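**Student:** For the sequence shown, the UniProt record's numbering assigns the number 1 to the initial residue and increments by one for each residue that follows.
Quick one: structure below, then a few questions.
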Amino acid sequence: MTTLQASHTMTRESPSSIVGLKNLISLPPSLHCLNSLTYLGLGNCGLIDDAIPKDLGSLFSLEILDLAGNLFYSLPSLSQLSKLKMLDLSCCIDLHEIPDLPTNLEILRANECIALEKMPNFSEMSSMVELHLNRSPELVEILGLHKWLNTMRRIHMEGCTNLTAAFRKNIIQGWTSCGDGGIFLNGVYDIPEWFQFVGIHESNDVHFKVPQIIDRNVRGLTLCCVFKRDCPGFTVTNITKGKALQIPGESTSSFAKSVLRLQSVLSNDGLHLQSGDEVSISEVTDDHGRGRGRVMKTGVNLVWHDGDGGDCDGDGDGIHEIGAVPSDGDGIHEIGAVPSDGDGGDACSIIHDIVAVPSDGEYQSKRPSRRGVSWRGCLGGSLGDYVI
Numbered sequence: 001m002t003t004l005q006a007s008h009t010m011t012r013e014s015p016s017s018i019v020g021l022k023n024l025i026s027l028p029p030s031l032h033c034l035n036s037l038t039y040l041g042l043g044n045c046g047l048i049d050d051a052i053p054k055d056l057g058s059l060f061s062l063e064i065l066d067l068a069g070n071l072f073y074s075l076p077s078l079s080q081l082s083k084l085k086m087l088d089l090s091c092c093i094d095l096h097e098i099p100d101l102p103t104n105l106e107i108l109r110a111n112e113c114i115a116l117e118k119m120p121n122f123s124e125m126s127s128m129v130e131l132h133l134n135r136s137p138e139l140v141e142i143l144g145l146h147k148w149l150n151t152m153r154r155i156h157m158e159g160c161t162n163l164t165a166a167f168r169k170n171i172i173q174g175w176t177s178c179g180d181g182g183i184f185l186n187g188v189y190d191i192p193e194w195f196q197f198v199g200i201h202e203s204n205d206v207h208f209k210v211p212q213i214i215d216r217n218v219r220g221l222t223l224c225c226v227f228k229r230d231c232p233g234f235t236v237t238n239i240t241k242g243k244a245l246q247i248p249g250e251s252t253s254s255f256a257k258s259v260l261r262l263q264s265v266l267s268n269d270g271l272h273l274q275s276g277d278e279v280s281i282s283e284v285t286d287d288h289g290r291g292r293g294r295v296m297k298t299g300v301n302l303v304w305h306d307g308d309g310g311d312c313d314g315d316g317d318g319i320h321e322i323g324a325v326p327s328d329g330d331g332i333h334e335i336g337a338v339p340s341d342g343d344g345g346d347a348c349s350i351i352h353d354i355v356a357v358p359s360d361g362e363y364q365s366k367r368p369s370r371r372g373v374s375w376r377g378c379l380g381g382s383l384g385d386y387v388i
């Protein structure tokens, strides 16, 4: 079969045998009748510009759209897809520009779009929680992204080697989200200079004593590290109180020789940090020390309550409390007290993570089982009509 025509039928789901239609090259040019479709998978179908229906925006119920691995140079506007939550454009190597997106979009995956030069303005993208743009070397900035750095949970831009210095600084300084996850950039960038504590020993472990700031309590802390290969896990220990949290490691893009990770703000709920407490942050290793050496540099910043009562809600899905630890305090050094209006107060807020996808990148929202269609892997080059 090369053409599927299902117009004017009562069919509500595609037959299971549709995945075997390797020669499918054409579907009707109009999609306006697909009012109930919630999932559309057209990955790796070899689609070019003229093959995508111009009324793709008429799929008003669509929640997940998979267009990964296709050959189009540009896309029609998707801003009318008011229910779209997840869009996958990964490995579209000829894609130069992503058009206006629906403001309700939560997850955008566009990894390995090596020709991508321009992104839409993110000023109205208030629902965005995850952004994956690994290996887009032509991309220089994303306008408006800084507005949502307190609600996003994950930004992956490893391999984006042409980002402007101003854009990098804005997203790093503006990151205030809580939980696990964070911002991932090429590791050629050093630990930001405003970080209070930086590992200075060969192990890159960080040890410090919480300073006193008048009329302020610790809200949490942010961790920044430069690493090679996969991102390791870390253990954050309040030695004084015998409390500890473990931050899980995760796989990252293999295209960058080193990666900078700016962790979301870790809540103080599990650590109970107070002035005078001795704290250590160390890379997680096994009983034989394997895993050590992936971290090239580590930095930590304390984040303080600003008096408005704001706080992180929990420690994030991937961060958990671990057993009590001895309070021997070895290797901890005290620094001077910091005034309440200390330098770089706003700069302490640095990172965030994303809501609906774990570190392996699999979308967690339920894919509709009866109102979806997928042609991932079709070998044709044209998308015409599909009505189900």
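Think of the CB as a built atom: it goes at the ideal place given N, C-alpha and C, for glycine as much as any other residue.
All of these numbers come straight from a predicted model, not from anything done at the bench.
Give the C-beta separation of residue 133 and residue 160 to the nearest angstrom, bearing in mind that I take them to be a contact with Cβ-Cβ under 8 Å.
**Tutor:** Taking the first residue of the sequence shown as position 1, residue 133 is located at position 133. Taking the first residue of the sequence shown as position 1, residue 160 is located at position 160. Between residue 160 and residue 133 the Cβ distance is about 6 Å, and since that is below 8 Å, they are a contact.
**Student:** So if DSSP puts residue 132 in a beta bridge, which residue, or which two residues, is it bridged to?
**Tutor:** Working through the sequence shown from its first residue, we reach residue 132 at position 132. Note: residue 132 sits in a beta bridge opposite 109 and 156.
**Student:** Using C-beta distances below 8 Å, list every residue in its chain close to residue 146, excluding the 5 sequence neighbours before and after it, in chain order.
**Tutor:** Looking up residue 146 in the sequence shown gives position 146. The residues are 170, 171 and 174.
**Student:** Are the beta-carbon atoms of residue 222 and residue 278 separated by less than 7 Å?
**Tutor:** Within the sequence shown, residue 222 is the residue found at index 222, counting from 1. Within the sequence shown, residue 278 is the residue found at index 278, counting from 1. No.
**Student:** Between which residues of its own chain and residue 156 is the CB-CB distance below 6 Å, once the five residues before and five after are set aside?
**Tutor:** Here residue 156 is taken as the residue at index 156 of the sequence shown, counted from 1. So the list reads 132, 134 and 184, once near-sequence residues are dropped.
**Student:** Given a threshold of 16 other Cβ atoms within 10 Å of its Cβ, counted over all protein chains shown, does residue 302 qualify as buried or as exposed?
**Tutor:** Along the sequence shown, read from residue 1 onward, the residue named residue 302 stands at position 302. Buried, since its Cβ has 16 or more Cβ neighbours within 10 Å.
**Student:** If you reduce the DSSP assignment to three classes, tell me which class residue 58 lands in.
**Tutor:** For the purposes of this step, residue 58 is taken as residue 58 along the sequence shown, with counting starting at 1. Looking at residue 58 - three-state DSSP - the assignment turns out to be helix.
**Student:** With residue 72 as the anchor, note down where its alpha helix (DSSP H) starts and where it stops.
**Tutor:** Along the sequence shown, one-based indexing puts residue 72 at 72. Neither: residue 72 is in no alpha helix (DSSP H) and is coded neither H nor E.
**Student:** Which residues does DSSP pair with residue 86 in a beta bridge?
**Tutor:** The sequence position of residue 86 within the sequence shown is 86, counting from 1. Beta-bridge pairing links residue 86 to 64 and 107.
**Student:** Kindly indicate which three-state DSSP category residue 263 falls into: helix, strand or coil?
**Tutor:** For the purposes of this step, residue 263 is identified with residue 263 of the sequence shown, where counting begins at 1. Looking at residue 263 - three-state DSSP - the assignment turns out to be strand.
**Student:** Looking only at its own chain, which residues have a Cβ that is under 6 Å from the Cβ of residue 111, when we skip the five neighbours before and after it?
**Tutor:** As a working note, residue 111 is residue 111 in the sequence shown. The beta carbon of residue 111 sits closer than 6 Å to the beta carbons of 90, 132 and 134 from its chain, once the five residues preceding and following it are set aside; these are given in chain order.
**Student:** Give the range of the beta strand (DSSP E) segment to which residue 170 is assigned.
**Tutor:** The sequence position of residue 170 within the sequence shown is 170, counting from 1. No beta strand (DSSP E) holds residue 170; the alpha helix (DSSP H) holding it covers 165 to 173.
**Student:** Considering only the alpha carbon of each residue, which of 176, 87, 236 and 137 lies closest to residue 150?
**Tutor:** If you number the sequence shown from 1, residue 150 lands on position 150. Measuring from the Cα of residue 150, the nearest candidate turns out to be 176.
**Student:** Determine the direct distance from the alpha carbon of residue 224 to that of residue 196, and round the result to whole angstroms.
**Tutor:** Position 196 of the sequence shown holds residue 196. Position 224 of the sequence shown holds residue 224. If you take the alpha carbons of residue 196 and residue 224, they lie about 11 Å apart.
**Student:** Could you give the residue range of the beta strand (DSSP E) that holds residue 219?
**Tutor:** Your numbering for residue 219 matches position 219 in the sequence shown. Note, residue 219: beta strand (DSSP E), 218 to 228.
**Student:** Between the alpha carbons of residue 118 and residue 193, how many angstroms are there, rounded?
**Tutor:** Here residue 118 is taken as the residue at index 118 of the sequence shown, counted from 1. Here residue 193 is taken as the residue at index 193 of the sequence shown, counted from 1. Cα-Cα distance, rounded: 30 Å.
**Student:** Quick one: Cα of residue 350 to Cα of residue 94, how far?
**Tutor:** Numbered from its first residue, the sequence shown carries residue 350 at position 350. Numbered from its first residue, the sequence shown carries residue 94 at position 94. Below a pLDDT of 50, predicted positions are generally treated as unreliable, and residue 350, at 26, falls in that range; the measurement from the model is reported next regardless. The straight-line gap from Cα to Cα measures roughly 33 Å.
**Student:** Leaving out five residues before and five after residue 261 in sequence, what residues of the same chain have Cβ atoms less than 6 Å from its Cβ?
**Tutor:** What you label residue 261 is simply residue 261 of the sequence shown in a count that begins at 1. Excluding sequence neighbours, residue 261 sits near 182, 184, 225 and 231.
**Student:** Would you call residue 51 buried or exposed, if buried means 16 or more other Cβ atoms sit within 10 Å of its Cβ?
**Tutor:** On the sequence shown, residue 51 is found 51 positions in, with the first residue counted as 1. Residue 51 is buried by the Cβ-count criterion.
**Student:** Could you give the distance in angstroms between the alpha-carbon of residue 236 and the alpha-carbon of residue 300?
**Tutor:** Against the sequence shown, residue 236 aligns to sequence position 236. Against the sequence shown, residue 300 aligns to sequence position 300. Distance between the alpha carbons of residue 236 and residue 300: 10 Å.
**Student:** Look at residue 265 and residue 220 and say whether their C-beta atoms are less than 7 Å apart.
**Tutor:** Stepping through the sequence shown from its first residue, residue 265 is reached at position 265. Stepping through the sequence shown from its first residue, residue 220 is reached at position 220. A contact, by the Cβ cut-off of 7 Å.
**Student:** Can you check which of these residues, 294, 215 and 242, is closest to residue 249 by C-alpha distance?
**Tutor:** Position 249 of the sequence shown, counted from the first residue, corresponds to residue 249. Closest option to residue 249, Cα to Cα, is 294.
**Student:** Go ahead and label residue 34 buried or exposed: buried means 16 or more other beta carbons lie within 10 angstroms of its beta carbon, across all protein chains shown.
**Tutor:** By 1-based counting over the sequence shown, the position of residue 34 is 34. With a 10 Å radius around the Cβ and a threshold of 16 neighbouring Cβ atoms, residue 34 comes out buried.
**Student:** My output table needs one value for residue 304: the three-state DSSP class, helix, strand or coil.
**Tutor:** Indexing the sequence shown from 1 puts residue 304 at position 304. In the structure shown, residue 304 sits in a strand (DSSP, three-state: E or B).
**Student:** Using the C-alpha atoms, what's the distance from residue 242 back to residue 39?
**Tutor:** Translated into positions along the sequence shown, residue 39 becomes position 39. Translated into positions along the sequence shown, residue 242 becomes position 242. Rounded to whole angstroms, residue 39 and residue 242 show a C-alpha spacing of 48 Å.
**Student:** Measure the Cβ-Cβ separation of residue 108 and residue 139 and say whether it is below 7 Å.
**Tutor:** Position 108 of the sequence shown holds residue 108. Position 139 of the sequence shown holds residue 139. No; because the gap between Cβ atoms is not below 7 Å, this pair is not in contact.
**Student:** Suppose the cutoff is 8 Å on Cβ atoms and the five residues either side in sequence are ignored; what does the same chain contact list for residue 104 look like?
**Tutor:** Stepping through the sequence shown from its first residue, residue 104 is reached at position 104. Closer than 8 Å at Cβ, skipping near neighbours: 82, 83, 84, 85 and 127.
**Student:** May I have the straight-line CA-CA distance separating residue 344 from residue 210, to the nearest angstrom?
**Tutor:** Taking the sequence shown and counting its residues from 1, one reaches residue 344 at position 344. Taking the sequence shown and counting its residues from 1, one reaches residue 210 at position 210. Unreliable placement is indicated for residue 344, whose pLDDT of 35 sits below 50; no coordinate value is reported for it.
**Student:** If you draw a straight line from the C-alpha of residue 72 to the C-alpha of residue 47, how long is it?
**Tutor:** Sequence index remark: in the sequence shown, residue 72 carries index 72 (1-based). Sequence index remark: in the sequence shown, residue 47 carries index 47 (1-based). Those two C-alpha atoms are separated by around 6 Å.
**Student:** In whole angstroms, what separates the C-alpha of residue 215 from that of residue 273?
**Tutor:** Here the question's residue 215 lines up with position 215 in the sequence shown. Here the question's residue 273 lines up with position 273 in the sequence shown. Going by the C-alpha atoms only, they are around 15 Å apart.
**Student:** How about residue 77 and residue 100: do their beta carbons lie closer than 7 Å?
**Tutor:** Within the sequence shown, the letter at position 77 stands for residue 77. Within the sequence shown, the letter at position 100 stands for residue 100. In this structure, residue 100 lies closer than 7 Å to residue 77 by Cβ.
**Student:** Can you tell me whether DSSP reads residue 96 as helix, strand or coil?
**Tutor:** Here residue 96 refers to the residue found at position 96 of the sequence shown. Correct three-state label for residue 96: coil.
**Student:** Would you list the one or two residues that DSSP bridges to residue 299?
**Tutor:** Locating residue 299 in the sequence shown gives position 299, counting from the first residue. For residue 299, which the question treats as bridged, DSSP gives the partners 198 and 224.
**Student:** From residue 136 to residue 36, what distance separates their C-alpha atoms?
**Tutor:** Along the sequence shown, one-based indexing puts residue 136 at 136. Along the sequence shown, one-based indexing puts residue 36 at 36. If you take the alpha carbons of residue 136 and residue 36, they lie about 34 Å apart.
**Student:** Locate the beta strand (DSSP E) running through residue 208, then write down its first and last residues.
**Tutor:** Counting from one through the sequence shown, the residue named residue 208 turns up at place 208. Element bounds for residue 208: 206 to 209.
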